[in-house]
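Peer 1: Throughout the sequence shown, residue numbering follows our numbering, covering 1 to 258 in sequence.
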Amino acid sequence: MIREKLINIVMECRELFLQGYHAEKNVQYKGTVDLFTEYDVAIEKRLSKSLLEAFPDFEIVGEESTKEITYPKKAIYIDPIDGTTNFIHGLPFCAISVGIWEDGKPIAGVVYNPVLNECFSAERGRGAFLNAKPIFVSKQRDFQQSLIATGFPYTKVTKGADYEWVLRTMANILPATRDIRRTGAASIDLCYVACGKFEAYYECNLKPWDVAAGVLIVEEALGKISNEKGDEYSLDEHIILSSNGFVHSALLKHVEQK
């Protein structure tokens with residue numbers, strides 16, 4: 001199956017990831033707070049080589065190698081280290097995320113956190129898994145008793161439209177729920193919705209490699225993904241909403257539209 005092949009390729013980078021996590025790193029900057037290390041580059045390079053050998057008809061769209069984001073008909077989206085800031089600071093919420101898409105739909109995805117040894121995976125129509133065990137979203141139906149995850153876009157530093165949206169939406173959601181969490185890695189947030197740790201997750205201004213794997217993992221765990229209008233989500237959307245499905249309508253009511 002595609003899922004198992006993808007897991008094996010991602011697992012090849014386990015030792016390199018852990019070596020980097022515990023090592024002194026050469027931190028470089030794409031923007032004021034958008035960081036990367038030599039390990040981001042090395043892991044993406046290794047993944048790209050193995051993935052192209054395994055899936056020669058697909059095109060790689062990787063965070064560290066892509067200068068202009070495209071959405072090929074057959075695409076493999078790679079985030080070699082989602083949560084690089086956590087990776088640099090020694091926080092364990094960081095992961096390799098690889099999603100395979102065809103004709104605008106996800107067909108397989110793996111999110112692997114070597115630090116916590118959590119490997120989330122899914123293949124369309126075959127369910128979602130954590131370390132080979134099936135996972136499902138939570139059954140909580142009460143939004144007030146729901147734990148919600150979110151993230152903050154790098155554009156926050158300019159205090160522009162994204163920054164204002166984050167503040168307004170958080171002000172809406174925080175009093176209406178049990179609480180809000182921020183792990184700092186979108187792929188992990190999506191997987192934690194899929195396995196029932198969070199009831200929902202929302203964020204704006206993400207890149208396709210941040211969510212390409214997690215979207216399918218949520219859907220295969222019987223969760224729901226949409227944009228802020230409740231319509232079908234595509235990788236070029238500005239806002240993503242994910243939930244266990246039961247609290248999705250409440251989430252839509254509390255999330256500000258752009």
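Using N, Cα and C, we set each Cβ at its ideal position, and we do this for glycine too.
Here the structure is a predicted model, which means the values were calculated and not measured.
Can you give the beta carbon distance from A194 to A221, rounded, assuming they're within the 8 Å contact cut?
Peer 2: On the sequence shown, position 194 is the one that residue 194 refers to. On the sequence shown, position 221 is the one that residue 221 refers to. That pair is a contact at about 4 Å.
Peer 1: When the Cα of N26 is compared with those of N8, T85, E15, F58, which residue comes out closest?
Peer 2: Walking along the sequence shown from the start, residue 26 turns up at place 26. Cα-wise, what sits closest to N26 is T85.
Peer 1: Scan the segment 79-119 and note each continuous alpha helix (DSSP H) run of 4 residues or more that stays entirely inside, going in chain order.
Peer 2: Whole alpha helix (DSSP H) segments, 4+ residues: 84-89.
Peer 1: Going by CA-CA distance only, name the one from I76, M1, D231 that's closest to S50.
Peer 2: Against the sequence shown, residue 50 aligns to sequence position 50. Out of I76, M1, D231, I76 has the C-alpha closest to the C-alpha of S50.
Peer 1: Is it the case that the segment 11-18 contacts the segment 111-127, given that we only count it when at least three CB pairs across the two stretches are under 8 Å?
Peer 2: yes
Peer 1: Tell me whether T183 is buried or exposed, calling it buried when 16 or more other Cβ atoms sit within 10 Å of its Cβ.
Peer 2: The count along the sequence shown starts at 1 and reaches residue 183 at position 183. So T183 counts as buried.
Peer 1: In whole angstroms, what is the alpha-carbon distance linking K74 and A108?
Peer 2: Locating residue 74 in the sequence shown gives position 74, counting from the first residue. Locating residue 108 in the sequence shown gives position 108, counting from the first residue. Taking the straight line from one Cα to the other gives about 12 Å.
Peer 1: For G245, which residues does DSSP report across the bridge?
Peer 2: Position 245 of the sequence shown holds residue 245. Paired residue(s): none; G245 is not in a bridge.
Peer 1: Quick check on E219: does DSSP put it in helix, strand or coil?
Peer 2: In the sequence shown, the residue the question calls residue 219 occupies position 219. If DSSP states are grouped into helix, strand and coil, E219 belongs with the helices.
Peer 1: Quick check on the DSSP output: the beta strand (DSSP E) that includes A70 runs from which residue to which?
Peer 2: As a working note, residue 70 is residue 70 in the sequence shown. The sequence given here has Thr at residue 70, not Ala. If you look at T70, you'll find it isn't in any beta strand (DSSP E); DSSP assigns it neither H nor E.
Peer 1: Report the option in A250, S97, D40, Q257 whose CA atom is closest to the CA atom of S146.
Peer 2: Against the sequence shown, residue 146 aligns to sequence position 146. Per the Cα distances, A250.
Peer 1: Quick one: grab the DSSP three-state call for P56.
Peer 2: For this step, residue 56 is matched to residue 56 along the sequence shown. Correct three-state label for P56: coil.
Peer 1: Tell me which residue opens and which closes the alpha helix (DSSP H) that C204 is part of.
Peer 2: Along the sequence shown, read from residue 1 onward, the residue named residue 204 stands at position 204. Premise fails: C204 lies in the beta strand (DSSP E), 200-204, not in any alpha helix (DSSP H).
Peer 1: Could you check whether the segment 130-149 touches the segment 230-238, counting it as contact only if at least three pairs of C-beta atoms, one from each stretch, sit closer than 8 Å?
Peer 2: no
Peer 1: DSSP on A75, reduced to helix/strand/coil?
Peer 2: Numbered from its first residue, the sequence shown carries residue 75 at position 75. Note: A75 maps to strand in three-state DSSP.
Peer 1: Work out the CA separation of E68 and T158 for me, nearest whole Å.
Peer 2: Sequence index remark: in the sequence shown, residue 158 carries index 158 (1-based). Sequence index remark: in the sequence shown, residue 68 carries index 68 (1-based). Distance between the alpha carbons of T158 and E68 is about 22 Å.
Peer 1: Between which two residues does the beta strand (DSSP E) containing F129 stretch?
Peer 2: Residue mapping note: residue 129 aligns to position 129 of the sequence shown, counting from 1. From DSSP, the beta strand (DSSP E) with F129 extends over 128-130.
Peer 1: Return the bridge partner residues of P134 from the DSSP annotation.
Peer 2: Mapped onto the sequence shown, residue 134 falls at position 134. In DSSP, P134 forms a bridge with F129.
Peer 1: In this structure, how does DSSP classify A122 when only helix, strand and coil are distinguished?
Peer 2: Start at 1 with the first residue of the sequence shown, and residue 122 comes out as number 122. Three-state DSSP puts A122 in a strand.
Peer 1: For the 8 Å Cβ check, are there 3 or more pairs between the segment 82-98 and the segment 203-223?
Peer 2: yes
Peer 1: Can you have a look at S65 and say buried or exposed, based on whether 16 or more other CB atoms are within 10 angstroms of its CB?
Peer 2: Along the sequence shown, read from residue 1 onward, the residue named residue 65 stands at position 65. Answer is exposed; the Cβ neighbour count stays below 16.
Peer 1: I'd like to know whether the C-beta atoms of C191 and F120 end up nearer to each other than 8 Å.
Peer 2: Within the sequence shown, the letter at position 191 stands for residue 191. Within the sequence shown, the letter at position 120 stands for residue 120. Yes, the Cβ-Cβ distance between C191 and F120 is below 8 Å.
Peer 1: Which partner residues of T169 appear in the DSSP bridge assignment?
Peer 2: Locating residue 169 in the sequence shown gives position 169, where the first residue counts as 1. BP columns for T169 are empty, so no partner.
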